[in-house]
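Notes follow once the structure below has been shown.
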Amino acid sequence: MMHRVFLPPLLAAMFVTLLRANDRQVLTKDVVIEETVIEDEITEFDRDHWSFQPIVPHHPPTSTLGGVDRTPIDAFVQVQLAKKGLQPSKPAARNVLLRRLTYDLIGLPPTLEDLSSFEQDSSPRAYQRVVDWLLASPAYGERQAQDWLDLARFAETDGFEHDRVRPDAWKYRQWVVDAINDDMPYDHFVRAQLTGDQTGRPQDAIATMFCLAGPDMPDLNEQDLRRHDKLNEITSTIGSSLLGLQMQCAQCHDHKYDPISQADFYRLRGVFESSIGELQRDKPIATLVDFAEPFTPHVYYRGELGNRGPRVDAAPPRVVCDERTLETFDFRHPRQAFCDWLLSDVNPLVSRVIVNRVWQRHFGKGLCENPSDFGVVAGGATHPELLDYLATQLRHGKWSLKRLSREIVMSAVYRQASEPHSEIDPENRWYSHFPRKRLEGELIRDSLLFVGDRMNAEYGGPSVMPPLPTELKQSLLKGQWSESVRQADHHRRSIYIFARRNLRYPIFDVFDRPDAGSSCAVRGRSTTALQSLQMLNGDIVVDASVSLRDRLLRDCNNDQAKMIDTLFLFAFSRHPSSSELIRMKKFLNGEASAVTQSPLPMRLLTLCVAALNANEFVYLD
Numbered sequence: 002m003m004h005r006v007f008l009p010p011l012l013a014a015m016f017v018t019l020l021r022a023n024d025r026q027v028l029t030k031d032v033v034i035e036e037t038v039i040e041d042e043i044t045e046f047d048r049d050h051w052s053f054q055p056i057v058p059h060h061p062p063t064s065t066l067g068g069v070d071r072t073p074i075d076a077f078v079q080v081q082l083a084k085k086g087l088q089p090s091k092p093a094a095r096n097v098l099l100r101r102l103t104y105d106l107i108g109l110p111p112t113l114e115d116l117s118s119f120e121q122d123s124s125p126r127a128y129q130r131v132v133d134w135l136l137a138s139p140a141y142g143e144r145q146a147q148d149w150l151d152l153a154r155f156a157e158t159d160g161f162e163h164d165r166v167r168p169d170a171w172k173y174r175q176w177v178v179d180a181i182n183d184d185m186p187y188d189h190f191v192r193a194q195l196t197g198d199q200t201g202r203p204q205d206a207i208a209t210m211f212c213l214a215g216p217d218m219p220d221l222n223e224q225d226l227r228r229h230d231k232l233n234e235i236t237s238t239i240g241s242s243l244l245g246l247q248m249q250c251a252q253c254h255d256h257k258y259d260p261i262s263q264a265d266f267y268r269l270r271g272v273f274e275s276s277i278g279e280l281q282r283d284k285p286i287a288t289l290v291d292f293a294e295p296f297t298p299h300v301y302y303r304g305e306l307g308n309r310g311p312r313v314d315a316a317p318p319r320v321v322c323d324e325r326t327l328e329t330f331d332f333r334h335p336r337q338a339f340c341d342w343l344l345s346d347v348n349p350l351v352s353r354v355i356v357n358r359v360w361q362r363h364f365g366k367g368l369c370e371n372p373s374d375f376g377v378v379a380g381g382a383t384h385p386e387l388l389d390y391l392a393t394q395l396r397h398g399k400w401s402l403k404r405l406s407r408e409i410v411m412s413a414v415y416r417q418a419s420e421p422h423s424e425i426d427p428e429n430r431w432y433s434h435f436p437r438k439r440l441e442g443e444l445i446r447d448s449l450l451f452v453g454d455r456m457n458a459e460y461g462g463p464s465v466m467p468p469l470p471t472e473l474k475q476s477l478l479k480g481q482w483s484e485s486v487r488q489a490d491h492h493r494r495s496i497y498i499f500a501r502r503n504l505r506y507p508i509f510d511v512f513d514r515p516d517a518g519s520s521c522a523v524r525g526r527s528t529t530a531l532q533s534l535q536m537l538n539g540d541i542v543v544d545a546s547v548s549l550r551d552r553l554l555r556d557c558n559n560d561q562a563k564m565i566d567t568l569f570l571f572a573f574s575r576h577p578s579s580s581e582l583i584r585m586k587k588f589l590n591g592e593a594s595a596v597t598q599s600p601l602p603m604r605l606l607t608l609c610v611a612a613l614n615a616n617e618f619v620y621l622d
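As structure tokens, this is what we get:
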């Protein structure tokens, strides 16, 4: 007869060490010695942190600044402005607002026809019509998907030394683009990525690539270590991307600040424990699968595979769980049970976290500074009532992210000018003006293709490989970058460029694209000499400048004033000022340049290169 004896951790560890090194469970002839989990209880003080508190459905306040509030968002923002003695900025000029909006929603500048039509449309619903048209565009999903792919640490290769290709990885990217365009409710969007394999439909299983999109090492000798690391990586990603909690340190020890124990980490890992079986060398992990023989979750001391500790039950982190959730958690179907809790009204984190991410998309920063860390040391929201109002609206609005974006971009705070007018708020924490934003590398490249009339706007499909600089291609192993045969594929939108983990496309690399080694919530914003060199000398900029020059020569009938005006509209979505027009005319006439003797096409090409290298081209006001 087998007897099970539970000992306190220290005593059990001493006993185990005597009998078997590196094994925390000791099986003798008729006795199993196991440890019990010893951890601090979760107290009301722990749960008192603002992000763990239930969402309060605030009503919009009454503005103290006078005037008519366009949306409830403006009421919340204006109350904070009044407390700080601030006034909102004037409305942005119509061309500035349209450029901002089209980049935000579809990632491209407005066409000349769009600019002209919008500036001439004085009807009250003109802006709303543009918003609705952009939200319905297929380009909307192509623009918004990259944010989620950054969170999902998406790439189409494994990383590490061999960086092997994952042939079907592009299907997950396409699933995300399609889901966003279809306005899949966010709760369905999340559930599909955690449990899609359980519907029995192959298409749904693609969504679970979210869990497996991180780096992997299929050729590792110790496949059990590979499995261990993959499960830990999934757990950390779920914690940061969906819950806004930094849990990765808890795989080794109790969190030093947040009330998340090491056992909490392995309870959450237990949700996915039986979805990845025994791995085989050089075999990729394509989707999650529930195996007939379930794996038992355990704590691993110091995060080491060879240092297994006591058994735990699959469960969400205790600090955001009530007793009823833990008591009724379905251990037979842990992923479904986890999703039920994750998206329920008792969990305040998921809706707050995604609302904050959408706000960040439109303003360049979230209402909470770190969108993947809602923990104790991360600081609170600048506008907590607004955050909870939008989280409530999201749930009541059937989890529609398009509806949420629409409400944000329709607000007066989004539509105001970007010129700062006060020294009281230098960091613009209270949104007294619209924050200027630099375009990401993908948008810069797409803009260059767009203004040069070279963009191939085909939707969907496998990834493409545009040409690389010769010196860069020579540094790669054979077959790591096989240039697409079809010329038109070289000009596809940036979302469709093959995402190699160990090689970022040059213009993406210099403009701070993350390396997909881990979930990225906020991209860096560096300013380097390499960026200037890329924009001055890169083939894509030179090709765009030549195409734009030829376009102006073709369409403007040698009318220099029209050439200059059209160039400014393409590059900056505005007409030149009178002084700019005079200077540009002198340059084209050879009166104020070092290339006086060169023909007009050469001088016009120089002007195009200069325009595409201006700050105004890569920044949004």
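In our numbering, the protein residues as written are 2 to 622. Each residue gets a CB set at the ideal place from its N, CA and C atoms; glycine is no exception.
Using the Cα positions of residue i and residue j, report the straight-line distance between them to the nearest angstrom.
| i | j | result |
| --- | --- | --- |
| T326 | E157 | 37 angstroms |
| R404 | N222 | 49 angstroms |
| Q252 | G304 | 5 angstroms |
| Q488 | D447 | 16 angstroms |
| A418 | P89 | 9 angstroms |
| R505 | P468 | 13 angstroms |
| S262 | F569 | 57 angstroms |
| Q194 | W400 | 16 angstroms |
| F330 | Y497 | 40 angstroms |
| L586 | G442 | Here residue 586 is Lys; the residue named in the question, Leu, does not match the sequence. If I take the Cα positions, the gap works out to 31 angstroms. |
| V542 | M536 | 6 angstroms |
| A413 | R202 | 44 angstroms |
| A93 | A146 | 27 angstroms |
| A170 | P219 | 15 angstroms |
| F451 | D323 | 52 angstroms |
| D230 | S345 | 29 angstroms |
| V486 | P295 | 47 angstroms |
| L184 | L106 | A small fix is needed here, since residue 184 is Asp in this sequence, not Leu. Going from the Cα of D184 to the Cα of L106 covers about 13 angstroms. |
| L28 | P298 | Low per-residue confidence applies at L28: pLDDT is 46, beneath 50, and the placement is therefore not dependable enough to give any value. |
| S275 | F292 | 6 angstroms |
Using DSSP's beta-bridge definition, name the partner residues of residue i.
| i | result |
| --- | --- |
| R563 | Sequence check: residue 563 is Lys here, not Arg. Answer is none; K563 lacks a bridge partner. |
| H299 | R312 |
| Y460 | Note: Y460 sits in no beta bridge, so no partner. |
| I261 | Bridge partners of I261: none, in fact. |
| P467 | Partner(s): none; P467 has no beta bridge. |
| I498 | V465 |
| R174 | Bridge partners of R174: none, in fact. |
Would you call the CB atoms of residue i and residue j closer than 9 angstroms?
| i | j | result |
| --- | --- | --- |
| P349 | I56 | yes |
| E120 | N96 | yes |
| P470 | T37 | no |
| G245 | F375 | yes |
| P110 | Y460 | no |
| Y187 | L388 | no |
| L150 | S433 | no |
| E40 | D265 | yes |
| V300 | V313 | yes |
| D259 | V354 | no |
| L582 | A562 | yes |
| C609 | S546 | yes |
| N357 | A382 | yes |
Under three-state DSSP, which class holds residue i?
| i | result |
| --- | --- |
| K231 | helix |
| P92 | strand |
| L82 | helix |
| V166 | strand |
| Q475 | coil |
| R575 | coil |
| T158 | strand |
| K587 | helix |
| Q281 | coil |
| K403 | helix |
| Q417 | strand |
So, at 6 angstroms on beta carbons, what are the nonlocal neighbours of residue i in its own chain, with the 5 sequence-adjacent residues on each side left out?
| i | result |
| --- | --- |
| V166 | T158 |
| L605 | R550 |
| F211 | A153, Q194 |
| A615 | none |
| L621 | R101, Y104, K438 |
Among the residues of its own chain, which have a CB less than 7 angstroms from the CB of residue i, if the five just before and after it don't count?
| i | result |
| --- | --- |
| L444 | Y104, G108 |
| C250 | H256 |
| D454 | S548, R552 |
Closer than 8 angstroms by C-beta to residue i: which residues in its own chain qualify, once you throw out the five before and the five after it? Chain order, please.
| i | result |
| --- | --- |
| N590 | Q561 |
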